[in-house]
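Q: If you're matching them up, the sequences are chains P and F in order.
According to this note's numbering, the residues represented by the first sequence are 32 to 440, in order.
According to this note's numbering, the residues represented by the second sequence are 32 to 440, in order.
Below you'll find the structure I mean.
Number of protein chains: 2
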Amino acid sequence: MKIDAKRFLADLEELGKIGYHEGQGVTRLALDDADMRAREWLLDKMEEAGLKTRVDAAGNVIGRLEGRDPEGKTLIIGSHLDTVPQGGKYDGALGIVAGLECARTLAESGTALPWNLEVIDFTDEEGHHFAGTFGSRAMMGTAAREELYGSKAEGAPSLADSFERVGWDPDNIDEARRDPSTLRGYLEMHVEQGGTLERRGIDIGVVTGIVGIYRYVIEVEGHANHAGTTPMAVRKDALVAASPVFGLLPEWARARSDEMVATIGDVAIKPGAMNIIPGHCRFTVELRSLVAEDMARVRDRLDDWLDENVPDSVMRTVYEKDGVFLDEELMSHIHHAVEDVGVKGTSMPSGAGHDAQSFTPFLPTAMIFVPSHRGISHSPEEYTAPEQLVAGARVMMHTIKRIADADAP
Amino acid sequence: MKIDAKRFLADLEELGKIGYHEGQGVTRLALDDADMRAREWLLDKMEEAGLKTRVDAAGNVIGRLEGRDPEGKTLIIGSHLDTVPQGGKYDGALGIVAGLECARTLAESGTALPWNLEVIDFTDEEGHHFAGTFGSRAMMGTAAREELYGSKAEGAPSLADSFERVGWDPDNIDEARRDPSTLRGYLEMHVEQGGTLERRGIDIGVVTGIVGIYRYVIEVEGHANHAGTTPMAVRKDALVAASPVFGLLPEWARARSDEMVATIGDVAIKPGAMNIIPGHCRFTVELRSLVAEDMARVRDRLDDWLDENVPDSVMRTVYEKDGVFLDEELMSHIHHAVEDVGVKGTSMPSGAGHDAQSFTPFLPTAMIFVPSHRGISHSPEEYTAPEQLVAGARVMMHTIKRIADADAP
């Protein structure tokens with residue numbers, strides 16, 4: 032039971048032309064014309080493969096291969112066809128095309144699976160309209176109805192607007208909800224979006240979890256005096272006060288673990304003139320780790336440092352979202368599949384969010400990573416070599432087979 | 032020969048109402064309606080005092096008290112009536128009203144001076160239209176004609192536009208030029224615009240020089256990767272690379288002298304998102320000192336530090352303008368005048384630029400500072416106590432007298 036590598040790569044190429052513009056990569060914003068064409072393309076491919084297709088009330092495109100017992104549980108192979116503006120052709124699309132190829136191979140072989148297999152393209156993973164991972168969260172009942180009516184900018188379309196534009200009713204999304212007890216698990220293949228696999232010369236990442244994210248904004252007050260007439264000794268410079276933490280924060284994160292990251296992504300000075308002492312310095316802090324305690328410790332250290340060294344500062348929490356751990360049993364099946372295929376694999380966390388996250392509270396969930404060349408994603412320069420793509424799809428195929436073998440009565 | 036303190040303070044109050052708006056301070060942008068009304072007010076006061084008035088080809092308002100020999104040299108008491116937007120009532124205006132009071136007192140006493148005395152309001156000291164200290168530089172022949180046609184923003188008026196608006200010919204500014212050999216010297220009284228005098232409990236600053244200004248823009252390159260998927264160990268973060276210098280630069284300046292200042296007034300990060308590693312960090316550096324060597328040393332130290340620690344950086348010179356030293360003989364007369372009046376004086380540099388700077392290459396030039404409460408200027412909160420204002424005007428009166436006594440044949 033081997034996938035057809037040539038057919039799989041040809042599908043990925045073909046899909047990569049939908050919404051492609053020379054020099055500007057692929058743009059398929061959720062439910063725009065290009066995304067709708069990609070969905071049609073997928074529905075056609077699924078039907079050709081003999082899958083039962085439908086589009087659920089949240090706009091998720093579903094292709095189903097029935098197992099021995101159509102009333103039994105279902106294993107989902109999910110990802111998304113939508114992209115960021117000027118994105119690449121792998122992010123999201125790869126997981127769908129790999130799932131399609133596995134389902135097609137299984138359909139062709141006539142294998143009777145111990146559960147139904149569904150390949151699903153989830154609506155608006157990238158959060159073009161509002162919050163991201165909408166379709167997968169709608170399926171688990173954790174998307175709020177208000178999200179349908181929010182938009183990212185004045186005048187930008189809401190999901191409800193886009194639903195209406197393509198002729199769907201935005202008021203039925205509850206019907207997309209599925210009972211977790213009817214689902215066997217969730218599996219997703221994705222490009223790493225970081226450079227770790229490539230640097231280490233490894234083909235497959237077996238994802239152990241999706242990191243948590245803690246975000247803060249810090250505001251430091253100084254006195255915005257004339258830079259020419261205010262001696263150094265009497266200044267209250269908000270930038271000078273804040274600046275040691277720009278170097279300390281990364282050190283604190285590295286001291287906790289190799290996996291943790293800490294980023295000061297933006298700094299803004301007011302008034303921000305060459306000849307005026309910074310009267311105000313605002314900066315952002317983002318911490319990511321699988322381990323909530325590591326984030327909490329670095330957060331507390333930052334808070335203490337500010338209290339002690341920059342009394343005129345305020346630290347505001349934007350949000351604190353803990354990481355999730357993926358399913359040990361499914362991870363073990365992936366590790367075995369990596370051995371079956373004869374490639375190199377490693378365990379690693381995911382630093383970015385994925386549809387998989389929507390399922391972790393409810394289902395056994397797992398993810399398979401393939402390398403991203405130079406760690407680049409969300410860019411026309413996104414690239415994964417064909418042999419790496421094929422290795423990933425083969426690992427997915429073997430993973431499905433191993434789960435099926437383990438679940439067979 | 033004593034000034035009339037009450038009259039002097041009343042004049043300053045009256046002038047401070049022209050262009051005043053409740054809660055927003057004084058706004059007299061050069062050659063706007065409020066500035067033109069202030070000029071009319073000054074011409075009236077000068078004429079009442081018996082001075083000969085004229086407006087020169089650069090728009091400078093001149094009131095002249097002739098000395099023993101009208102063909103002889105002239106001592107200039109200068110400053111400016113224009114303000115920044117929402118400025119105070121002391122900056123610029125004080126020097127004019129103090130000069131007016133001294134000339135009036137001298138005129139009333141019938142004193143025959145060994146030179147002519149001119150009180151001059153210089154056009155656009157604040158650089159509302161373009162470069163600042165326009166009128167005083169036009170008088171010394173160092174204002175470029177192109178400055179008349181420049182403006183600070185798309186659609187903003189040029190000096191030529193404003194000249195035409197008030198009915199003047201912008202093409203005659205060369206006629207404002209004066210031969211330095213016909214001038215005895217230049218004297219200006221001004222608020223300190225810093226907090227040094229107040230902090231030290233001193234009434235009068237005898238200005239030793241006007242500091243030089245060296246300005247740079249530094250651009251640091253990093254790699255703008257995804258903050259979630261790029262481990263700390265492989266990051267190239269432009270902010271982390273640049274940040275040590277935010278704390279080091281002030282230390283280097285302080286190590287050179289108490290007088291030197293160094294300011295990083297603005298920092299900008301690109302792309303500047305919470306979840307993206309800074310790929311670019313741009314910051315400004317301004318050095319000020321009377322001593323050019325101190326500025327050059329700190330500049331070189333910065334340059335070396337960047338070469339060694341941040342190889343992917345570029346340091347661009349915006350400009351390097353050395354400081355100027357004021358005239359020792361005139362300074363000495365001011366010190367004696369401070370003793371005459373019986374107040375406390377000290378020598379100090381000026382950290383800000385003034386019309387006086389236009390004259391230093393050509394004439395004996397001196398400046399008298401009075402305290403600025405909390406060091407605030409260019410603000411509605413600008414304040415100097417009445418007794419401090421009066422002490423300043425008395426010192427100016429005695430300075431004029433001492434120069435006259437020394438110059439008397």
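Even glycine gets a Cβ: it sits at the ideal position worked out from N, Cα and C.
Since the model is a prediction, treat every value here as computed from it, not as a measurement.
Given that G296 of chain F touches chain P, what residues does it touch there, using C-beta distances under 9 Å?
A: A258, L270, I300, P302, G303, A304, M305, N306, I307, I308, P309
Q: Name the two residues that bound the continuous beta strand (DSSP E) containing G236 of chain P.
A: Boundaries of the beta strand (DSSP E) around G236 of chain P: 235-241.
Q: Kindly confirm or deny that the region 225-245 of chain P and the region 367-381 of chain P touch, where touching means at least three C-beta pairs closer than 8 Å.
A: The answer is yes - the region 367-381 of chain P touches the region 225-245 of chain P, with three or more Cβ pairs under 8 Å.
Q: Going along the chain, which residues of the region 234-262 of chain F sit with their C-beta nearer than 7 Å to a C-beta in chain P?
A: V242, R246, N256, H257, A258, G259, T260, T261, P262
Q: Is the region 327-339 of chain F in contact with the region 388-398 of chain F, if contact means three or more CB pairs nearer than 8 Å?
A: no
Q: Helix or strand or just coil, what does DSSP make of K352 of chain P?
A: In the structure shown, K352 of chain P sits in a strand (DSSP, three-state: E or B).
Q: For A174 of chain F, which option in F:R135, F:E97, F:G158, F:D63 has the closest C-alpha, if you only look at C-alpha atoms?
A: Out of F:R135, F:E97, F:G158, F:D63, F:G158 has the C-alpha closest to the C-alpha of A174 of chain F.
Q: Do S182 of chain P and F161 of chain P have their CB atoms nearer than 8 Å?
A: yes
Q: Label G54 of chain F either buried or exposed according to how many other C-beta atoms from any shown protein chain fall within 10 Å of its C-beta, with 16 as the threshold for buried.
A: It is exposed - the Cβ of G54 of chain F has fewer than 16 other Cβ atoms within 10 Å.
Q: Within 10 angstroms of its Cβ, does N147 of chain P collect 16 or more other Cβ (buried), or is it exposed?
A: buried
Q: Taking contact to mean at least 3 C-beta pairs separated by less than 8 Å, is the region 234-243 of chain F in contact with the region 124-143 of chain F?
A: no
Q: Compute the Euclidean distance between the alpha carbons of H404 of chain P and A416 of chain P, then round it to the nearest angstrom.
A: 8 Å
Q: Using a Cβ-Cβ distance cut-off of 8 Å, determine whether G406 of chain F contacts chain P.
A: yes
Q: Which of helix, strand or coil does DSSP assign to T173 of chain F?
A: coil
Q: Let me know the secondary structure DSSP gives H385 of chain P once reduced to three states.
A: coil
Q: Hey, quick one: how far does the beta strand (DSSP E) through V369 of chain F stretch, first residue to last?
A: Per DSSP, V369 of chain F belongs to no beta strand (DSSP E); it is in the alpha helix (DSSP H), 359-372.
Q: Of the choices P:R425, P:E413, P:T315, P:E360, whose alpha-carbon is the least far from that of Y121 of chain P?
A: Nearest option by C-alpha distance: P:E413.
Q: Under 7 Å between beta-carbons, which chain F residues line up against F3 of chain P? List them in chain order, please.
A: Past the edges of chain P, shown from 32 to 440, lies residue 3 of chain P, and the structure says nothing about it.
Q: If you reduce the DSSP assignment to three classes, tell me which class A61 of chain F lands in.
A: coil
Q: Using a Cβ-Cβ cutoff of 9 Å, what residues of the region 218-230 of chain F are near chain P? List them in chain order.
A: E223, Q224, G225, G226, T227, R230
Q: What does the alpha-carbon distance come out to for the pair P211 of chain P and D343 of chain F?
A: 52 Å
Q: For the candidate residues P:D155, P:G373, P:D64, P:I308, whose alpha-carbon lies nearest to that of V265 of chain P?
A: The residue with the shortest Cα to Cα distance from V265 of chain P is P:I308.
Q: For chain P, find out if any of its Cβ atoms is closer than 8 Å to the Cβ of R332 of chain F; answer yes or no.
A: no
Q: Taking C-beta pairs closer than 7 Å, name the residues in chain F that T315 of chain P reaches, listed in chain order.
A: M305
Q: If you pair each beta-carbon of the region 293-311 of chain P with each one of the region 277-285 of chain P, do three or more pairs fall below 8 Å?
A: Contact holds: three or more Cβ-Cβ distances are below 8 Å.
Q: Given a threshold of 16 other Cβ atoms within 10 Å of its Cβ, counted over all protein chains shown, does E317 of chain F qualify as buried or as exposed?
A: buried
Q: List, in order along the chain, the chain F residues whose C-beta lies closer than 7 Å to that of P281 of chain P?
A: M263, V271
Q: Using CA atoms only, rank isn't needed, just tell me which of F:G310, F:F400, F:G119, F:V92 is closest to G166 of chain F.
A: If we check each option's Cα against that of G166 of chain F, F:V92 comes out closest.
Q: So does the region 131-146 of chain F actually touch the region 75-90 of chain F, counting three or more Cβ pairs closer than 8 Å?
A: yes
Q: With a threshold of 8 Å between beta carbons, is V401 of chain P in contact with chain F?
A: no
Q: Apply the 10 Å Cβ neighbour rule to Y247 of chain P and answer buried if 16 or more other Cβ atoms are within range, or exposed otherwise.
A: By the 10 Å Cβ count, Y247 of chain P comes out buried.
Q: For G382 of chain F, which residues in chain P fall below 9 Å Cβ to Cβ?
A: H257, A258, G259, T260, T261, P262
Q: Consider the Cβ of R285 of chain F: report whether some Cβ of chain P lies at a distance smaller than 8 Å.
A: Interface residue (Cβ-Cβ distance to chain P less than 8 Å): R285 of chain F is classified as such.
Q: Taking the alpha helix (DSSP H) that D331 of chain F falls in, what are its first and last residues?
A: 323-340
Q: Would you check if the region 418-427 of chain F and the region 61-70 of chain F touch, i.e. whether three or more CB-CB distances between them fall below 8 Å?
A: Taking one beta carbon from each stretch, the region 61-70 of chain F and the region 418-427 of chain F have fewer than 3 pairs nearer than 8 Å; the two do not touch.
Q: With DSSP as the reference, label D87 of chain P as helix, strand or coil.
A: coil
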